[in-house]
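S.K.: Take a look at this one; I'll ask things after.
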Amino acid sequence: DQQVKQNSPSLSVQEGRISILNCDYTNSMFDYFLWYKKYPAEGPTFLISISSIKDKNEDGRFTVFLNKSAKHLSLHIVPSQPGDSAVYFCAASGSGFQKLVFGTGTRLLVSP
Amino acid sequence: DTGVSQNPRHKITKRGQNVTFRCDPISEHNRLYWYRQTLGQGPEFLTYFQNEAQLEKSRLLSDRFSAERPKGSFSTLEIQRTEQGDSAMYLCASSLGGGGRTQYFGPGTRLLVL
């Protein structure tokens, strides 16, 4: 039962263009969503989060959009840089429980 | 400002041996979490503590696994009688608690059971 899904295992983008990573969830109890970036052999690094009371949150080059009716969120990276190449995980939690539920990740490759 | 630290970073052991991992959370964080990540998957929740109290355990946490957080500071995760299926990256995270729901992860401990 995969409650958080990232259906694109990989994404290739050219430097300077926009990267759009997508995430879908099924549990309507989720009310807090996060994106993490992970390099090999390292722990996940927090990027940006959004509460369900908002539909957009922006931090520098990173913007997260939340569409509650569609149970969909996306991470936009503009402009993309080669250093952004990593695996990106979407995660969700609910007010009634503390654990994070993760998707399976999307590998982003930004080429010069 | 130190982040979450984990030791050791790598552990190789033989099947049947016991192993113990340590996690030191961000100092003012009262919530501490353990996750496990296998190849091609996202991290999966194992257990979490609020201060010294262990408040939730996943069904992934078999009776060979035990976690403690004495005095509400660092935490240890012990695996007894390791099996090859225990090979994974073990991740620790901490959060402020209350309204602070963002979890910050350590570098992980990679376990290989031969």
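Here the protein sequences line up with chains A and B, keeping their order. Residue numbering for the first sequence follows the working numbering, beginning at 1387 and increasing consecutively. Residue numbering for the second sequence follows the working numbering, beginning at -4 and increasing consecutively. For glycine and all other residues, C-beta sits at the position ideal for the given N, C-alpha and C.
Given a threshold of 16 other Cβ atoms within 10 Å of its Cβ, counted over all protein chains shown, does B:Thr(-3) qualify as buried or as exposed?
M.R.: Label assigned to B:Thr(-3): exposed.
S.K.: In chain B, which residues lie with their C-beta within 9 Å of the C-beta of A:Ser1435?
M.R.: By Cβ distance, chain B contributes Arg96 and Thr97.
S.K.: If you compare alpha carbons, which of B:Glu63, B:Lys9 and B:Glu39 is closest to B:Glu47?
M.R.: For the residues B:Glu63, B:Lys9 and B:Glu39, the minimum Cα distance to B:Glu47 belongs to B:Glu63.
S.K.: Taking Cβ-Cβ distances shorter than 8 Å, what residues in chain A pair up with B:Leu86?
M.R.: Those are Gly1429 and Pro1430, listed as they occur along chain A.
S.K.: In terms of residue numbering, what span does the beta strand (DSSP E) encompassing A:Phe1406 cover?
M.R.: In the sequence under discussion, the amino acid at residue 1406 of chain A is Ile, which differs from the Phe named in the question. Where A:Ile1406 is concerned, the enclosing beta strand (DSSP E) stretches over Ser1405 to Tyr1411.
S.K.: Smallest Cα separation from A:Pro1468: which of A:Gln1389, A:Gln1388 and A:Gln1400?
M.R.: The residue with the shortest Cα to Cα distance from A:Pro1468 is A:Gln1400.
S.K.: Within 10 angstroms of its Cβ, does B:Lys160 collect 16 or more other Cβ (buried), or is it exposed?
M.R.: In the structure as shown, chain B starts at -4 and stops at 109, and residue 160 of chain B therefore has no counterpart that could be examined.
S.K.: With 8 Å set as the bound, which would you pick, yes or no: does the beta-carbon of B:Pro38 sit closer than that to a beta-carbon of chain A?
M.R.: Closer than 8 Å: yes.
S.K.: Start and end of the beta strand (DSSP E) containing A:Val1450?
M.R.: Segment Phe1448 to Asn1453, the beta strand (DSSP E) holding A:Val1450.
S.K.: Just by C-beta distance, which residues in the region 1471 to 1482 of chain A are closer than 7 Å to chain B?
M.R.: Answer set for the region 1471 to 1482 of chain A: Phe1475 and Ser1479.
S.K.: Can you list, in chain order, the residues of its chain whose CB lies under 6 Å from that of A:Ser1396, leaving out five sequence neighbours each side?
M.R.: Excluding positions up to five away in sequence, the list reads Arg1493.
S.K.: Just to confirm, is the Cβ distance from B:Gln12 to B:Thr77 under 8 Å?
M.R.: In contact: B:Gln12 and B:Thr77 (Cβ atoms closer than 8 Å).
S.K.: When the cut-off is 8 Å and only beta carbons count, does B:Phe110 lie next to chain A?
M.R.: As shown, chain B starts at -4 and ends at 109. That puts residue 110 of chain B outside it, with no answer to give.
S.K.: Within a Cβ cutoff of 7 Å, which residues of the same chain sit near B:Lys9, ignoring the five residues on either side of it in sequence?
M.R.: Answer for B:Lys9: Leu109, listed in chain order.
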